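**Q** Sequential numbering from 2 applies to the sequence shown in my numbering. The beta carbon of each residue, even a glycine, is placed where N, CA and C say it ideally should be. Just so you know, these numbers come straight off a predicted model, no measurement behind them. A single structure is presented below for examination.
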Amino acid sequence: FDRSTPIEISLIERIEKLLPENILELLKTIGEKADNLNYRAYMIGGIVRDLVIGRQNDDIDIVVEGDGIYFAKLLANSLGGSVRVHEKFGTATWKHLSGLKIDITSARTEYYEYPSALPTVEMSSLREDLLRRDFTINAMALQINKSNFGKLIDFFHGYKDIDEKKVKILYNLSFVEDPTRILRAVRFEQRFGFEMDKQTLELAQISVDKISSTSKPRLAHELNKLLMEENPVEAICRLQELGVLNYLVGPNNFDIETIQLLERFKVFVDEVTFSTESENSCNEQLWICYLAILFFKQENGLQLVKDFALNNEHLHIVDEIYHLVTSEQALSDEIQLGNLHKLLKKFKKEAIICFAILKNLPEVKTKLIKTYLIARMAIPKLIDGRELKALNIPPSPLFSKILLEIECAYLNKDIFTKKDALRFVKNEYL
Ligand code: CTP
């Protein structure tokens, strides 16, 4: 790996094709501002990888050979927007007026816990920064200074590895220093149809035990990203193949039955989502449902999953799953959709699907739940609180009860229009 002279090729045409005009112009301006300070400035990381692959990505990370925080402030002063400084990491996020966020760091600061012993030669700090990263495909830089705009700087053959569809680490201790990179390797394998090279794979396999001593939030951060990729079940099977699940979920907790549950969950979610294009609002919690299915067999499995929650919404959905699978509620096959709505309205669709799968509900009930979820996403708002007030009903918890009743009546096909709904309220509540 020890290349002090990088391969340099121009990616200008690709950049012009892939990046939106306004971002391209902004990058050129940033490059010129860096020129004024005599800083070299580069795009770095995922966006460079994606530009090489030919995928869109607007997650812009910039590294300067100079003071990144100072540079971010200067950009905000001259081009507008605001800066958030993360002192601890020596980085800054510049929020441009357009809303675009750009992370700016000084070369090497991100990894300053591993100080460099290299002499200061041209580009040594950039090279050092890149060398500390996870994989060759993520360790390329794209210069944005005016005279070299679009020049790819590739010390570690990332370009060739992309061509050969390889995920390759940059140094032997990479997985030991950061075991979450094993999850990242699987993510990039899955996302791009790449494969770890032989040595990377071996090192991943011998480092998997480090997963058990890695903090839950750090693992969760990567699991979140991995399980939100297109094929979470394949990703999970790959984790099993590498031995990761032994240390994540514990040994002997993963078998063909678990794979079937995961697959059934995915199919169910896809069916409901595709039939109702509008509601993708809570898909962000899907990943933790996969985790819930993985951990379910274990005693207290769902409680353990809570340790991976990254926010209250994640916590909440696990609570919902727990509540649904432990409640004794038996659903009759004959239950009307409106009555089902009374029982399930407060639960998120992902939690309900997870419950149906984990409880292994019979086909009839599964179908009923599917029909219900699809129907509930199409419930129109027949009347609202203002109209209830106009009927002289004072605002109170009664409001939400009435609105729920109206939804249930609609699902039961007892009412269809606003007029029906108003008549329904007058008959029942006035
Ligand atoms: N990185 C790393 N080791 C990690 C996490 C991140 O070396 N454990 C580096 C990689 O160079 C990566 C960059 O930090 O490209 C940004 O990380 P992140 O945003 O997590 O990943 P991306 O590669 O941008 O992936 P994505 O496209 O999914 O955002």
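Measure the CB-CB distance between Q299 and N254 and report whether it falls below 7 Å.
**A** yes
**Q** For V53, which option in N37, L20, G32 and A293 has the closest C-alpha, if you only look at C-alpha atoms?
**A** L20
**Q** Is the number of C-beta pairs between the stretch 335 to 351 and the stretch 223 to 242 that are closer than 8 Å three or more?
**A** no
**Q** Looking only at C-alpha atoms, which of L392, N23 and V65 sits nearest to I129?
**A** The question names Ile, but residue 129 is Glu in the sequence shown. With respect to the C-alpha of E129, the residue from L392, N23 and V65 having the closest C-alpha is V65.
**Q** According to DSSP, is Y115 part of a helix, a strand, or is it coil?
**A** Low per-residue confidence applies at Y115: pLDDT is 39, beneath 50, and the placement is therefore not dependable, though the value from the model is reported in the following sentence. Three-state result, Y115: coil.
**Q** Tell me which residues share the same chain as G81 and place their Cβ nearer than 6 Å to its Cβ, disregarding the 5 neighbours each side in the sequence.
**A** L98
**Q** Considering only C-alpha positions, which residue in the set F297, D36, L332 and T372 is nearest to D272?
**A** This sequence places Glu at residue 272; Asp is not what is there. Answer by Cα proximity: T372.
**Q** In whole angstroms, what separates the C-alpha of R185 from that of L174?
**A** Here the alpha carbons of L174 and R185 stand approximately 15 Å from one another.
**Q** Please state if the CB of V168 and the CB of F195 are separated by a distance shorter than 7 Å.
**A** yes
**Q** Where does R182 fall in DSSP's three states?
**A** helix
**Q** Starting from Q144, follow its DSSP beta bridges and name the residues at the other end.
**A** As computed with DSSP, Q144 is found in a beta bridge with Y43 and K152.
**Q** Quick one: is the Cβ of R41 within less than 6 Å of any heavy atom of the ligand CTP?
**A** no
**Q** Around the Cβ of A73, are there at least 16 other Cβ atoms within 10 angstroms (buried) or fewer (exposed)?
**A** Counting Cβ neighbours within 10 Å, A73 comes out buried, since at least 16 surround it.
**Q** By the 10 Å Cβ neighbour count, where 16 or more other Cβ atoms means buried, how is S107 classified, buried or exposed?
**A** buried
**Q** Under 8 Å by Cβ, that's how I've got Y411 and L383 pegged, so tell me the actual separation to the nearest angstrom.
**A** 7 Å
**Q** Do you know whose CA, among K346, T259, K199 and H158, lies nearest I407's CA?
**A** K346
**Q** Can you grab the Cα-Cα spacing for the pair A444 / E230, in whole Å?
**A** Nothing in the structure corresponds to residue 444, since the chain is present only between 2 and 431.
**Q** Quick one: Cα of L315 to Cα of D308, how far?
**A** The residue asked about is misnamed: residue 315 is His in this sequence, not Leu. Distance between the alpha carbons of H315 and D308 is about 10 Å.
**Q** For E1, which of helix, strand or coil comes out of DSSP?
**A** There is simply no residue 1 to check, as the chain begins at 2 and stops at 431 in what is shown.
**Q** Thinking C-beta only, is L153 closer than 7 Å to M141?
**A** yes
**Q** Would you check if the distance between the CB atom of L171 and the CB atom of M44 is smaller than 7 Å?
**A** no
**Q** Within the same chain, show all residues whose beta-carbon is closer than 8 Å to that of A118, passing over the 5 residues directly before and after it, in chain order.
**A** Only weak support exists for where A118 lies, its pLDDT of 36 falling under 50; the value from the coordinates is given anyway. Only residues of its own chain outside the window of five on either side were considered, and among them none has a CB closer than 8 Å to the CB of A118.
**Q** Looking at the structure shown, is K167 part of a helix, part of a strand, or coil, going by DSSP?
**A** strand
**Q** Along the chain, where does the beta strand (DSSP E) containing H87 start, and where does it finish?
**A** S83 to H87
**Q** Should G32 and A42 be called a contact, given that it needs their Cβ atoms to be closer than 7 Å?
**A** yes
**Q** Within a Cβ cutoff of 6 Å, which residues of the same chain sit near L228, ignoring the five residues on either side of it in sequence?
**A** W288 and Y291
**Q** Would F297 pass as a contact of L249 if the rule is Cβ separation under 7 Å?
**A** no
**Q** Check F425 in the structure and name its three-state DSSP category.
**A** In the displayed model, F425 falls within a helix according to three-state DSSP.
**Q** If you measure from the CB of R182, is any heavy atom of the ligand CTP nearer than 6 Å?
**A** yes
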